[in-house]
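Please read the structure below before turning to the comments.
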């Protein structure tokens with residue numbers, strides 16, 4: 260396998276040049292479930308790669324209201340955009356489970372990037388995908404009805420959870436609460452819609468797992 264290949268998913272491929280460089284440059288940090296990694300408006304001194312566990316990125320208003328933007332799993336990078344642009348953190352980050360991270364100072368990556376420009380290409384490709392998916396999510400939250408929001412997010416999460424782009428089905432290990440937080444509707448409404456989709460044969464529901472069996476129908480429902 261070409262170690263410089265840029266994958267369409269949001270993960271950094273284990274064994275790729277970027278993954279290896281981060282392992283060499285980064286330092287291991289461990290967090291417990293519910294810990295804050297950084298807060299909105301904090302200075303951005305590093306970015307992170309998740310080795311294990313799950314991280315939530317969220318926005319908080321002055322009134323204390325919270326909107327979940329992303330849930331991230333193993334081999335995903337976060338905190339990179341603010342660090343590379345030398346701006347304060349745009350979001351807060353906290354742990355959904357116990358987490359092990361590789362913490363990376365971008366200045367220490369410069370030597371590797373100078374010697375191997377493909378590292379820069381891969382990193383910016385991941386950032387571009389992040390911006391694209393966030394833009395799609397904002398559109399969904401602003402303009403789609405609740406049932407279409409659920410269908411839309413299930414399709415978008417295929418980017419994270421498909422083992423191959425052509426996979427006919429895939430499993431999402433998100434709870435109904437996590438799905439509801441991503442699209443800004445109540446958990447009760449999310450569960451009701453998911454059960455409707457299950458009756459139609461589009462998905463199968465399990466404990467902390469949603470299996471997409473008919474992605475085509477979900478896409479059609481989200482777009483009609």
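Residue numbers (the working numbering): 260 to 483.
Even glycine gets a Cβ: it sits at the ideal position worked out from N, Cα and C.
Reduced DSSP secondary structure (H/G/I, E/B, other) of residue i
i, result
"residue 266", "Confidence at residue 266 is low in this model, with a pLDDT of 36, below 50, so the placement of that residue is unreliable and no value is reported for it."
"residue 417", "helix"
"residue 260", "Confidence at residue 260 is low in this model, with a pLDDT of 29, below 50, so the placement of that residue should be treated as unreliable; the coordinate-derived value is given next. Looking at residue 260 - three-state DSSP - the assignment turns out to be coil, as it is neither helix nor strand."
"residue 352", "strand"
"residue 315", "strand"
"residue 363", "strand"
"residue 322", "coil"
"residue 470", "strand"
"residue 451", "helix"
"residue 433", "coil"
"residue 358", "strand"
Test item: CB-CB of residue i and residue j under 8 Å
i, j, result
"residue 431", "residue 395", "no"
"residue 277", "residue 378", "yes"
"residue 362", "residue 288", "yes"
"residue 464", "residue 474", "no"
"residue 441", "residue 462", "no"
"residue 467", "residue 407", "no"
"residue 471", "residue 428", "yes"
"residue 449", "residue 409", "yes"
Same chain, Cβ closer than 7 Å to residue i, five either side skipped, listed in chain order
i, result
"residue 280", "368, 371, 378"
Residues near residue i in its chain [Cβ-Cβ closer than 6 Å; skip 5 each side]
i, result
"residue 446", "435, 436, 439"
Close Cβ partners of residue i (< 8 Å) along its chain, the five nearest in sequence each way excluded
i, result
"residue 300", "347, 348"
Legend entry - Sufficient close CB pairs (3 or more, under 8 Å) joining the region 302-319 to the region 328-337: Three or more beta-carbon pairs separated by less than 8 Å link the region 302-319 to the region 328-337, which places the two stretches in contact.
Inset, instruction - Kindly confirm or deny that the region 351-358 and the region 281-295 touch, where touching means at least three C-beta pairs closer than 8 Å. - result: Result yes; three or more Cβ-Cβ pairs closer than 8 Å.
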